[in-house]
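The structure appears below as structure tokens.
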Amino acid sequence: MATIRFSHNYTKLPPDPDPSTLLEVLTVDRSDLHRAFIEYDTHIVGGGHYNPPTGKLILLLLQSCDGEVFTTIRRYTPDKHKHYLRLRGKPVHITIEERKESLGAYL
């Protein structure tokens, strides 16, 4: 089973996200995403927001075993996009690997 890693514990994550099913993979441009969605998707437990890259992104739609739907936006690369497309409809492990990043990574 493939793994989707999160660099922080985000408020969007359900209480028990592992495993989840990858429901869909969408390609979006950050400029097309509403500020409210970016705030939802990037809000870190304890405060702060991760600052996603500009330009083309991959939007993943996931569903936990408890039925809770959540999203994550990822930097777009052709290889990542192909990788996630192959995982549609399949269960994936969800791991949270807290990273201490520079303040420049936050909104």
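FYI, in this note's numbering the residues of the sequence shown are -15 to 91. Ideal placement from N, C-alpha and C gives every residue a C-beta, glycine not left out. Note that the coordinates shown come from a computational prediction; the quantities given were computed from them, not determined experimentally.
| Check | Outcome |
| --- | --- |
| Identity of the residues DSSP links to Ile80 by a beta bridge | Phe(-10) |
| Spatial neighbours of Thr10 in its chain, beta-carbon cut-off 6 Å, leaving aside the 5 residues before and after | One detail in the question is off: residue 10 reads as Leu in this sequence, not Thr. If we look at Leu10 and ignore the five residues flanking it on each side, its Cβ neighbours are Leu43. |
| Three-state class that DSSP yields for His33 in the structure shown | strand |
| Local Cβ density within 10 Å of Thr26, reported as buried at 16 or more and exposed below that | buried |
| Val29 beta carbon less than 7 Å from that of Thr55 | no |
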